[in-house]
Amino acid sequence: KRIDIKALFSAPPADGTTVTVCGWAKTVRDSKNIGFIELSDGTCFKNLQIVFEAGKLENYKDVAKAGVGTSMQVVGRVVLTPGAKQPLEINADSVELLDVCPSDYPLQKKRHSVEFLRTMPHLRPRTNTFAAAFRVRSTAAYAIHKFFQENGFVYVHTPLITGSDCEGAGEMFRVTTLDLNNLPRTEDGKVDFSQDFFGRSTNLTVSGQLEGEAMALAFGKIYTFGPTFRAENSNTPRHAAEFWMIEPEMAFADLTDYMDNAEAMVKYVIGYVLEHCPDEMAFFNQFFDKGLLERLNALVNAEFARVSYTDAVELLKEHNDQFQYKVEWGVDLQTEHERYLTEQIFKKPVFVTDYPKEIKSFYMRQNEDGKTVAAADMLVPGVGELIGGSQREERYDLLKARMEELGMDCTDYTWYMDLRRFGSAKHAGYGLGFERLIMYLTGIPNIRDVLPFPRTAGGF
Ligand code: 4AD
Ligand code: MG
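Put into structure tokens, the structure is as follows:
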């Protein structure tokens, strides 16, 4: 019976036990009578060493010639190797070559640049960097579910096709079945979406928040975890057109409750990944960011900073000579400012709170000062904005007035406004960009390298 390499390493069988393993050769080395294969089966980050001998294998020469990437089944005996890097190796009784990889296989045994590997998303998960990144991704996703489930949050599925623009930024991908070469028009020349599939215009969701609020006002505490789409034309290392977002929403909660929950969640996920992906994290520490482990370990017990937008602007203004885009009260903070705050001033994650209402979304709760809203972004070193969130405007009249002020069509949002008419309650929530969390956890500087099949502006 076939055994996973992970199982072999975590509970080594007795010396001499016969086992069967399947995997892909990472390297094959040989001398005249003896050869060595580094075998990976994907179940863990470490490779298993296979020793094969000319005296035992009829196909010795074929095995010795098999290229990197060849798939094979090995039957052999466990040889415990105390003191060596790995606890055991396999002495092969037979090596069956399943599919010999030809020499034009692009992943040879040398370091390839991430740019080169981006051209082959179907092969790059076989490399150390991407194997580590995508396993951390899987483990972090599991940790997020675990955190929310264990804290009484209900996991809800919000629609990917919607008619609303939650963030009001107009960065939506349209969904239509209309013939683009022959669009139906109304009398005034506009596209007639009443003839479209849903009888209205629709788009891919930019956020599940609005539907999440409806669910929170039934379940109390909910979270979403799903794909999100933004047609942002920004070609940056931290924007993808398709990314995954976690959006918790809590009834009877305010801005501080959101920040407390978000801080606890991020710490939990960091701790969980450090514990469950030690090999992968050691790899990132070695090859991507030498201070990564020390920093993340310290963070699990540290307190994140909190500063108001107004105070942050005062702090940043002192360094305006260093910024391309000068800071003054009222401007939206740019990545350069966000990174300066978290990397140079606070040197740890920081929540910036109470932004001017003009630069934030319509649903955010207005503060007493009439100028700011109860919003907060969590900024982290190396990435910038990791989380955006707020307390929501739960007062019907104020919400309606704000939507009208912004020229929104309230008839599109009657269901959302109903939530403020039927048992309204203060509530708050946030959105965590999952890819940015993985960048933060691994030190990988480009979002294209933490998504298995990235979709970014300009093509894929
Ligand atoms: O700040 P954003 O736009 O907030 C919202 O969408 C709210 N509706 C969330 C909520 O309160 N429920 O986006 C939230 C996070 C950002 O902080 C960022 O981490 C990530 O989503 N994000 C992106 N990640 C990758 N590519 C993009 N194009 C992203 N846009 C936002
Ligand atoms: Mg934001």
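Just remember that our numbering sits 960 ahead of the position in the sequence shown, which is counted from 1. We put the CB at the ideal spot given by N, CA and C, even for glycine. Only a predicted model underlies this, so the values are computations on that prediction, with no experimental measurement involved.
Taking 8 Å as the cut-off, does the CB of residue i come closer than this to any heavy atom belonging to the ligand 4AD?
| i | result |
| --- | --- |
| Gly1186 | no |
| Phe1382 | no |
| Leu1392 | yes |
| Ala1432 | In the structure as shown, the chain starts at 961 and stops at 1420, and residue 1432 therefore has no counterpart that could be examined. |
| Arg1097 | no |
| Ile1440 | Nothing about residue 1440 can be read from this structure; the chain reaches only from 961 to 1420. |
| Val1166 | yes |
| Arg1190 | yes |
| Gln1294 | no |
| Arg1198 | yes |
| Arg1071 | no |
Is residue i helix, strand or coil by DSSP?
| i | result |
| --- | --- |
| Asn1221 | helix |
| Ser1154 | helix |
| Met1205 | strand |
| Asp1139 | coil |
| Asn1163 | strand |
| Leu1256 | helix |
| Arg1037 | strand |
| Met1132 | coil |
| Cys982 | strand |
| Asp964 | coil |
| Ile1010 | strand |
| Asn1088 | helix |
| Arg1408 | helix |
| Leu1358 | helix |
| Gly1342 | coil |
| Arg1380 | coil |
| Pro1238 | helix |
| Glu998 | strand |
How many Å lie between residue i and residue j at the Cα?
| i | j | result |
| --- | --- | --- |
| His1072 | Met1080 | 12 Å |
| Glu1018 | Lys992 | 14 Å |
| Ser1321 | Ala1044 | 58 Å |
| Glu1395 | Ile1206 | 10 Å |
| Arg1084 | Ala1093 | 11 Å |
| Ala985 | Phe1247 | 22 Å |
| Asn1245 | Val1151 | 53 Å |
| Glu1296 | Leu1346 | 14 Å |
| Arg1355 | Pro1066 | 59 Å |
| Asn1051 | Asp1249 | 37 Å |
| Ile929 | Asn1280 | Nothing can be reported for residue 929: it is not among the residues displayed for the chain, which extend from 961 to 1420. |
| Ala1129 | Arg1190 | 10 Å |
| Val1034 | Thr980 | 6 Å |
| Glu1254 | Asn1141 | 57 Å |
| Gly1389 | Glu1127 | 14 Å |
| Glu1075 | Glu1274 | 39 Å |
| Ile1182 | Arg1415 | 28 Å |
| Leu1392 | Val1039 | 46 Å |
| Gly1231 | Glu1263 | 14 Å |
For residue i, collect the residues of the same chain with a Cβ closer than 8 Å to its Cβ; drop the 5 residues on either side in sequence, then sort them by chain order.
| i | result |
| --- | --- |
| Phe1413 | Pro1081, Phe1420 |
| Thr1003 | Asp964, Ile965, Lys966, Ala967 |
| Glu1364 | Cys1370 |
| Ser1063 | Gly1027 |
| Lys1307 | Pro1341 |
| Val1233 | Val1096, Thr1099, Ala1100, Ala1103, Met1241, Leu1401 |
| Lys1016 | Ala1052, Asp1053 |
| Ala1176 | Ile1182, Glu1209, Met1210, Ala1211, His1387, Gly1389 |
| Gln1009 | Phe996, Ile997, Glu998, Leu999, Gln1046, Glu1049, Ile1050 |
Can you round the beta-carbon distance between residue i and residue j to whole angstroms, since I take them to be within the 8 Å contact cut?
| i | j | result |
| --- | --- | --- |
| Tyr1115 | Phe1108 | 7 Å |
| Thr1184 | Asp1156 | Not really, about 26 Å apart at Cβ, beyond 8 Å. |
| Val1060 | Thr1030 | 5 Å |
| Pro1197 | Ile1407 | 6 Å |
| Glu1192 | Ala1417 | 7 Å |
| Pro1187 | Leu1120 | 7 Å |
| Gln1450 | Tyr1228 | The shown model of the chain, from 961 to 1420, leaves out residue 1450, and the question about it has no answer. |
| Glu1353 | Met1324 | 6 Å |
With a threshold of 8 Å, establish whether the CB of residue i neighbours any heavy atom of the ligand MG.
| i | result |
| --- | --- |
| Gly1348 | yes |
| Asp1125 | no |
| Asp1337 | yes |
| Glu1207 | no |
| Glu1328 | no |
| Glu1202 | no |
| Ile1345 | Looking at the sequence provided, one finds Glu at residue 1345 rather than Ile. Glu1345 Cβ: within cutoff of the ligand MG. |
Kindly list the residues whose CB is nearer than 7 Å to the CB of residue i, restricted to its own chain and excluding five residues on each side of it in sequence; keep chain order.
| i | result |
| --- | --- |
| Tyr1315 | Tyr1269, Thr1332, Val1333, Ala1335 |
| Leu1358 | Gln1326 |
| Asp1292 | Ile1319 |
| Leu1058 | Ser1031, Met1032, Gln1033 |
| Asp1372 | Gly1123, Ser1124 |
| Glu1013 | Asn993, Ile994 |
Leaving out the 5 sequence neighbours to the left and right, which residues in its chain are closer than 6 Å to residue i when beta-carbon positions are compared?
| i | result |
| --- | --- |
| Phe1090 | Arg1084 |
| Arg1097 | Ile1398 |
| Thr1162 | Ile1121, Gly1123, Val1135 |
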